[in-house]
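Written out below as structure tokens is the structure these notes cover.
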Amino acid sequence: MNGPHAAAVTTAAALAAALEQALAQQQAPPPRATPRVDVTAASAGNGLAKLVLALIKLLHELLERQALRRIDAGSLNDDEIERLGLALMRQAEEIERLAGQFGFTGADLNLDLGPLGRLF
Numbered sequence: 029m030n031g032p033h034a035a036a037v038t039t040a041a042a043l044a045a046a047l048e049q050a051l052a053q054q055q056a057p058p059p060r061a062t063p064r065v066d067v068t069a070a071s072a073g074n075g076l077a078k079l080v081l082a083l084i085k086l087l088h089e090l091l092e093r094q095a096l097r098r099i100d101a102g103s104l105n106d107d108e109i110e111r112l113g114l115a116l117m118r119q120a121e122e123i124e125r126l127a128g129q130f131g132f133t134g135a136d137l138n139l140d141l142g143p144l145g146r147l148f
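If you read the sequence shown in our numbering, its first letter stands for residue 29, the second for the next number, and so on.
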């Protein structure tokens with residue numbers, strides 16, 4: 029095969045090869061230099077404990093606010109106020125004890141929520 033027909037076949041083959049190569053490069057994701065996160069079982073467990081305690085502390089704060097609303101509204105008698113106050117104090121002490129057991133401070137449980145600010 030000589031002449032213009034052979035040149036057209038060669039050009040078509042070269043174009044097909046170039047197109048396949050371009051498609052392969054386009055489909056392959058570029059290599060990333062992403063830093064690896066080193067997560068150990070201890071750090072994952074510690075992070076989970078911190079999250080759970082922060083959520084418990086948040087629930088405690090909400091319960092305290094609800095209790096104050098009920099007291100202000102006059103819907104509780106003196107005995108109920110006393111029992112509620114004692115229960116909330118014991119709950120706060122237990123949260124502090126658990127936080128201390130894991131080596132957390134009150135500030136550690138105040139999670140940063142990014143653009144929303146701090147939890148407490």
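Cβ atoms here follow ideal geometry from the backbone N, Cα and C, with glycine treated the same way.
Range covered by the alpha helix (DSSP H) that runs through residue i
| i | result |
| --- | --- |
| residue 97 | 69-101 |
| residue 107 | 106-129 |
Counted within 10 angstroms of its Cβ, other Cβ atoms place residue i as buried (16 or more) or exposed
| i | result |
| --- | --- |
| residue 132 | buried |
| residue 41 | exposed |
| residue 82 | buried |
| residue 109 | exposed |
| residue 127 | buried |
Residue closest to residue i, alpha-carbon to alpha-carbon, out of the options
| i | options | result |
| --- | --- | --- |
| residue 138 | 80, 72, 97 | 80 |
Whole-Å CB distance - residue i paired with residue j, under 8 Å assumed
| i | j | result |
| --- | --- | --- |
| residue 114 | residue 91 | Residue 114 to residue 91, Cβ: 13 Å. No contact. |
| residue 119 | residue 88 | 6 Å |
| residue 86 | residue 147 | 6 Å |
| residue 78 | residue 136 | 6 Å |
| residue 123 | residue 84 | 6 Å |
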